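Written below as structure tokens is the structure these notes are about.
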Amino acid sequence: MINMKVEPLGKKSEAILDVVKKFESPSTISMHLPLPCVWKEGEGCYVKDPDGNTYLDFSSGIAVLNLGHCHPNVVKAICDQSKKLIHATEFPHPKKAELLKKLSEITPLKRTVFSNCGTEAIETALKVCKYASKKHQFIAFQGAFHGRTHGSMALTSRNKYRIGFEPVMPGVHHVPYPYCYRCPFNEKYPDCSLKCVNFLEKSVIKNPQSGLSEISAVFVEPFLGEGGYVIPPDEFLPELRRICDENNIILVMDEIQTGFGRSGKMFAYEHYNVVPDILVVGKAMAG
672 MINMKVEPLG KKSEAILDVV KKFESPSTIS MHLPLPCVWK EGEGCYVKDP
722 DGNTYLDFSS GIAVLNLGHC HPNVVKAICD QSKKLIHATE FPHPKKAELL
772 KKLSEITPLK RTVFSNCGTE AIETALKVCK YASKKHQFIA FQGAFHGRTH
822 GSMALTSRNK YRIGFEPVMP GVHHVPYPYC YRCPFNEKYP DCSLKCVNFL
872 EKSVIKNPQS GLSEISAVFV EPFLGEGGYV IPPDEFLPEL RRICDENNII
922 LVMDEIQTGF GRSGKMFAYE HYNVVPDILV VGKAMAG
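Residues are numbered in our numbering as their position in the sequence shown, beginning at 1, plus a constant of 671.
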């Protein structure tokens, strides 16, 4: 339960934060706003600071901890494996084979490429799309967040992540996401006839004056995450699948936030009976 021993930030927390501020470069700090607490330990949905205060972690470790902090089964698996093998570079090993097989059982996609984190997985998807399609342009959505490395940052639309790092990777075009509550076209669903989808298809992909003649892939979050936690209309992803199929475009779904049960199904795309060409996961995959 939530238990406050001292007014945050306490003296012990302040001391730790002072060290972080002194030695960590501001350019690499993701949580650059004033921090409400310092984390020392966690259990389930709670975290505790060095001063003994207990907090409810509404962020789930930024969508990583679907099983909560320090789940005993996860901790045991880590400890057991650390006694056998910690690093294997790219060599095959039993746990890798086990995970590859398991992923092929829970998704309709039968091949997997492992990366170190979500944003690196997005970078890998970009490379796969370029190599497979021999094309170099991409479509992403306004409000999208796909990461903060060079290529993934180009797919991410929010200005605050790009300031100071332009120019990012060229060839990315952002289109409106179907945000019905705040429709960018000032329409009302369902009377809008999915104007956002029509705009994407007619004004961007099929428009000879759009400047996009070499579209390799569309990157989409099935549920828009950081852009407002937006659930699109039921018709959106099936229509996006159709458009990609008809125009020989790769459909990449970023389920780094929504994957592994956070939407009520194992993956959010399952709600719409569509299958992506590439599925990008991370975060909760490692628990």
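Note that beta-carbon positions come from the ideal geometry of N, C-alpha and C, so glycine has one too.
Just so we're clear, the structure is a prediction, and the values are computed from it rather than from any experiment.
Rounded to the nearest angstrom, what separates residue i and residue j at their Cα positions?
i	j	result
CYS863	GLY930	30 angstroms
TYR613	LYS866	Missing from the structure shown is residue 613; the chain here goes from 672 to 958 and no further.
ILE757	VAL677	39 angstroms
ALA759	SER934	33 angstroms
TYR850	PRO903	6 angstroms
TYR848	ILE673	38 angstroms
SER684	ALA792	34 angstroms
ASN878	ASN869	12 angstroms
LEU641	ASN857	No answer is possible for residue 641: the residues shown for the chain start at 672 and end at 958.
HIS844	ILE886	10 angstroms
LYS781	CYS788	20 angstroms
GLN928	GLY882	31 angstroms
VAL735	ARG853	28 angstroms
VAL846	ALA825	13 angstroms
GLU753	ASP728	According to the sequence provided, residue 753 is Ser. The question's Glu does not apply to it. Spanning the two alpha carbons is a distance of roughly 27 angstroms.
THR820	LYS682	35 angstroms
ASP689	GLN880	54 angstroms
GLY960	GLY739	For the chain, the structure presents residues 672 to 958; residue 960 sits outside this window and is missing.
GLU695	PRO838	25 angstroms
PRO743	PHE938	24 angstroms
Count the other CB atoms, across all protein chains shown, that sit within 10 Å of the CB of residue i; report buried if there are 16 or more and exposed otherwise.
i	result
ALA796	buried
GLU794	buried
ASN724	buried
VAL691	exposed
MET675	exposed
PHE812	buried
ARG913	exposed
SER823	buried
GLU910	buried
ILE749	exposed
Pull up the CB-CB distance for residue i and residue j, whole angstroms please, since I reckon it's below 8 angstroms.
i	j	result
THR790	GLY818	3 angstroms
CYS716	PRO679	Incorrect: roughly 18 angstroms between the Cβ atoms, too far for contact.
THR827	PHE816	5 angstroms
TRP710	ASP720	7 angstroms
Three CB pairs or more closer than 8 angstroms across the stretch 764-781 and the stretch 899-908: no
The stretch 883-891 contacting the stretch 794-808, beta-carbon criterion three pairs below 8 angstroms: yes
Stretch pair the stretch 951-958 + the stretch 914-921: three plus CB contacts closer than 8 angstroms: no
Cβ contact check for the stretch 805-816 and the stretch 756-772: 3 or more pairs under 8 angstroms: no
Ranges of the alpha helix (DSSP H) found wholly within the stretch 696-743, counting only runs of at least 4: 731-734
Inter-stretch contact at 8 angstroms, needing at least 3 Cβ pairs: the stretch 942-954 / the stretch 830-838: no
Any beta strand (DSSP E) of 3 or more consecutive residues that is wholly inside the stretch 889-939: 921-925
Completely contained alpha helix (DSSP H) runs for the stretch 743-798, where each covers 4 or more residues: 743-753 and 765-777
Continuous beta strand (DSSP E) assignments of at least 3 residues falling wholly in the stretch 825-869: 843-846
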